[in-house]
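Converting from the sequence shown to UniProt numbering requires adding 84 to each position, the first position being numbered 1.
What follows is a single structure, written as structure tokens, with notes after it.
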Amino acid sequence: ELLFSKPVRHIAVVGAGYVGGPTAAVIALHNPHIRVDVLDKDPRRVRRWNSPHLPIYESGLIDIVRVSRDGASTCLRATADKPHQSTPTNHPPNLFFTTDSQTSLARADVVMLAVNTPTKTFGIGSGRATNMTTFDAAAKEVALYARPGTIIVEKSTVPCGTAQRVRKMLDEVRPGVDFEILSNPEFLSEGSAVRNLMQPDRVLIGSAKTPSGRRAAEALANVYAAWVPRPRILEIDAWSSELAKLVSNAMLAQRISSINSISAICDRTGADIDEIAKSAGLDPRIGPQFLKAGLGFGGSCFRKDIASLTYLSESLGLPEVAHYWSQVNSMNEWQRDRFAQKVIQRMEENLVGKKIGILGFAFKKNTGDTRESLAVDVIRALLQERPAEIAIFDPCCLSEDIMSELEPVLNATNRERVHVYSDAYQACQQANAVVIINDSDPFRQSPAGQFIEPSIDLSAKTKNIPYYDNSIRNMQYMASKQEGEMVI
Ligand code: NAD
Numbered sequence: 085e086l087l088f089s090k091p092v093r094h095i096a097v098v099g100a101g102y103v104g105g106p107t108a109a110v111i112a113l114h115n116p117h118i119r120v121d122v123l124d125k126d127p128r129r130v131r132r133w134n135s136p137h138l139p140i141y142e143s144g145l146i147d148i149v150r151v152s153r154d155g156a157s158t159c160l161r162a163t164a165d166k167p168h169q170s171t172p173t174n175h176p177p178n179l180f181f182t183t184d185s186q187t188s189l190a191r192a193d194v195v196m197l198a199v200n201t202p203t204k205t206f207g208i209g210s211g212r213a214t215n216m217t218t219f220d221a222a223a224k225e226v227a228l229y230a231r232p233g234t235i236i237v238e239k240s241t242v243p244c245g246t247a248q249r250v251r252k253m254l255d256e257v258r259p260g261v262d263f264e265i266l267s268n269p270e271f272l273s274e275g276s277a278v279r280n281l282m283q284p285d286r287v288l289i290g291s292a293k294t295p296s297g298r299r300a301a302e303a304l305a306n307v308y309a310a311w312v313p314r315p316r317i318l319e320i321d322a323w324s325s326e327l328a329k330l331v332s333n334a335m336l337a338q339r340i341s342s343i344n345s346i347s348a349i350c351d352r353t354g355a356d357i358d359e360i361a362k363s364a365g366l367d368p369r370i371g372p373q374f375l376k377a378g379l380g381f382g383g384s385c386f387r388k389d390i391a392s393l394t395y396l397s398e399s400l401g402l403p404e405v406a407h408y409w410s411q412v413n414s415m416n417e418w419q420r421d422r423f424a425q426k427v428i429q430r431m432e433e434n435l436v437g438k439k440i441g442i443l444g445f446a447f448k449k450n451t452g453d454t455r456e457s458l459a460v461d462v463i464r465a466l467l468q469e470r471p472a473e474i475a476i477f478d479p480c481c482l483s484e485d486i487m488s489e490l491e492p493v494l495n496a497t498n499r500e501r502v503h504v505y506s507d508a509y510q511a512c513q514q515a516n517a518v519v520i521i522n523d524s525d526p527f528r529q530s531p532a533g534q535f536i537e538p539s540i541d542l543s544a545k546t547k548n549i550p551y552y553d554n555s556i557r558n559m560q561y562m563a564s565k566q567e568g569e570m571v572i
């Protein structure tokens with residue numbers, strides 16, 4: 085039998101995070117004959133994946149995990165209250181979360197690397213280049229324990245040329261052993277991960293342009309073909325696939341920075357940013373998506389992927405290209421500062437003794453992910469003005485995650501002024517101002533949402549205070565009717 089051409093029976097996914105966990109769950113759901121092991125070195129995370137309380141919140145994820153992790157019979161019981169859900173019958177348990185990487189790697193036909201690839205914070209390329217330490221360590225572990233003929237898949241977002249570099253690394257660690265390396269970047273968006281994985285717009289599979297590279301790509305394509313229509317599975321070369329992922333994120337982020345730059349012009353002129361975005365978006369060549377002016381983009385991906393693209397351009401001797409893309413990140417930071425200053429100005433530059441409610445902490449709605457939260461910079465600026473209390477509420481986030489993300493802005497004197505509440509009402513009670521950081525749905529249903537509604541009129545009264553998002557209130561800042569008093 086030709087190497088890399090046999091059907092896939094075992095998949096190991098390294099990294100049980102926002103990408104690894106949901107991706108593994110969806111692959112397992114659609115391929116009952118494939119055993120999917122998800123490996124993580126963090127035993128606490130693995131324990132939570134094996135419990136009813138998953139470590140990440142994604143709509144619909146627990147139902148899918150129950151089918152594959154526990155088998156369909158458990159799922160039928162668990163979802164009896166959701167009759168609309170189509171539940172596969174006779175689904176064997178084929179999804180396993182474990183810390184025992186050695187055993188899983190040794191039996192895998194395909195290993196997907198879905199570990200974190202943050203921005204470097206030291207050395208050459210600090211602040212721009214990708215820190216590949218974790219990724220490389222995981223790849224080395226695969227090289228040590230995987231069988232010859234294993235297909236190694238880059239699921240993580242990695243710099244261009246990584247597949248080539250990993251190949252060299254494998255040749256050093258296991259000389260003479262055949263491995264194929266594929267690029268298969270993930271395009272899911274947190275908050276809609278399950279939907280994105282179940283109905284992907286496209287699946288990219290990048291491989292070496294060799295017969296064995298193509299066979300490996302085909303083997304992986306067959307795994308996806310269990311639920312993804314074939315025309316959406318694109319088999320391309322590895323370098324293009326790696327770059328395509330960076331480009332997608334860069335272009336989405338660019339639209340946000342573009343509209344935010346225009347919102348600054350609106351602030352000066354009184355033009356309405358929502359009307360402008362609507363008008364531009366009605367042109368089908370532009371389209372309405374990602375044209376909501378607001379606080380900018382947060383989260384663990386856009387900023388770092390643009391930084392990576394910038395660094396790539398620099399290292400290829402293309403400073404103009406590097407400058408162009410770096411402006412997308414600069415504009416994003418500027419917008420956040422501008423917003424924080426606007427809040428302070430609206431409070432007449434005096435926050436002493438005042439309570440500020442912060443609704444939303446995750447980088448966007450429907451996720452509990454607090455990484456690179458937009459709230460942090462806003463709270464940093466507010467704390468400098470010595471408010472009596474910063475009162476935070478986010479229905480999706482754990483209090484410990486919020487506090488650990490805020491750690492860099494806290495010190496001995498301001499720490500006791502920051503509190504996380506488990507309901508919006510408490511966070512906003514007696515607040516002098518409420519700042520809405522993200523567009524979580526529950527804000528509109530919560531008691532806080534009820535008193536935010538009339539407050540929109542308040543902002544209208546002070547017409548030149550731009551509020552950026554009328555309908556979902558992506559970024560609605562409103563002052564209380566009178567200081568120390570809320571409309572409740
Ligand atoms: P994450 O931090 O949530 O998860 C990574 C996991 O890998 C962690 O649980 C960590 O403990 C584990 N890990 C690290 N080294 C390991 C090792 N050697 N063995 C076993 N486990 C190990 O990260 P994430 O958000 O899932 O992102 C993963 C990759 O996917 C990144 O490259 C990211 O850029 C990319 N990506 C993320 C998203 C997103 O929305 N989060 C979307 C598309 C692509």
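The beta-carbon is built from N, C-alpha and C at its ideal position, and this holds for glycine as well.
Cβ-based burial, residue i [other Cβ within 10 Å; buried from 16]
i, result
"Glu264", "buried"
"Leu400", "exposed"
"Ala223", "buried"
"Gly101", "buried"
"Lys252", "exposed"
"Lys376", "buried"
"Glu433", "exposed"
"Lys439", "buried"
"Gln419", "buried"
"Leu138", "buried"
"Lys204", "buried"
"Asn413", "buried"
"Pro284", "buried"
"Thr217", "exposed"
"Asp367", "exposed"
"Asn522", "buried"
"Thr119", "For the sequence presented, residue 119 should be read as Arg rather than Thr. Buried."
"Ser506", "exposed"
"Asn306", "exposed"
"Ala221", "exposed"
"Asn495", "exposed"
"Phe206", "exposed"
8 Å contact criterion, which residue i and residue j should meet: CB distance rounded
i, j, result
"Leu396", "Cys244", "6 Å"
"Ser143", "Asn450", "6 Å"
"Ile486", "Ile476", "6 Å"
"Leu189", "Ala230", "5 Å"
"Asn344", "Asp389", "No, Asn344 and Asp389 are not in contact; Cβ-Cβ is about 18 Å, not under 8 Å."
"Leu318", "Arg286", "6 Å"
"residue 587", "Val504", "In this structure the chain extends from 85 to 572, so residue 587 is not present and cannot be described."
"Lys329", "Thr241", "5 Å"
"Ile360", "Ile346", "6 Å"
"Ile428", "Ala472", "That pair is no contact at about 15 Å."
"Pro106", "Leu272", "7 Å"
Alpha-carbon to alpha-carbon, residue j and residue i
i, j, result
"Ala213", "Glu270", "20 Å"
"Ser185", "Leu379", "41 Å"
"Pro91", "Trp409", "42 Å"
"Glu225", "Leu87", "22 Å"
"Asp147", "Pro403", "48 Å"
"residue 31", "Phe374", "This structure does not reach residue 31, given that the chain is present from 85 up to 572, and the question cannot be answered."
"Val211", "His175", "This sequence places Gly at residue 211; Val is not what is there. Between Gly211 and His175, the C-alpha separation is close to 46 Å."
"residue 573", "Phe219", "Since the first residue shown for the chain is 85 and the last is 572, residue 573 is missing from the structure and cannot be characterised."
"Tyr308", "Ala515", "51 Å"
"Leu435", "Glu274", "34 Å"
"Thr454", "Leu123", "23 Å"
"Asp255", "His117", "32 Å"
"Gly104", "Ala348", "38 Å"
"Val405", "Ile208", "19 Å"
"Gly482", "Arg150", "First, the amino acid is wrong: residue 482 is Leu here, not Gly. So the alpha carbons of these two residues sit roughly 22 Å apart."
"Lys125", "Arg191", "18 Å"
"Leu145", "Pro313", "22 Å"
Closer than 9 Å to chain D by CB, residue i
i, result
"Leu458", "Absence of chain D from the displayed structure is noted, only one protein chain being present."
Proximity test, residue i beta-carbon vs the ligand MG heavy atom, cut-off 8 Å
i, result
"Pro269", "Within the structure as shown, the ligand MG is missing, the only ligands being the ligand NAD."
Under 8 Å: do the region 421-435 and the region 447-467 share three or more Cβ pairs, one atom per stretch?
yes
Taking 8 Å as the cut-off, does the region 476-494 touch the region 433-446 (at least 3 CB pairs, one atom from each stretch)?
yes
If we count Cβ pairs, one from each stretch, closer than 8 Å, do we get three or more for the region 291-302 versus the region 96-109?
no
Evaluate the contact criterion for the region 221-237 versus the region 193-210: three or more CB pairs, one atom per stretch, below 8 Å.
yes
Assess contact between the region 110-117 and the region 174-192, defined as three or more Cβ pairs (one per stretch) separated by less than 8 Å. Is contact present?
yes
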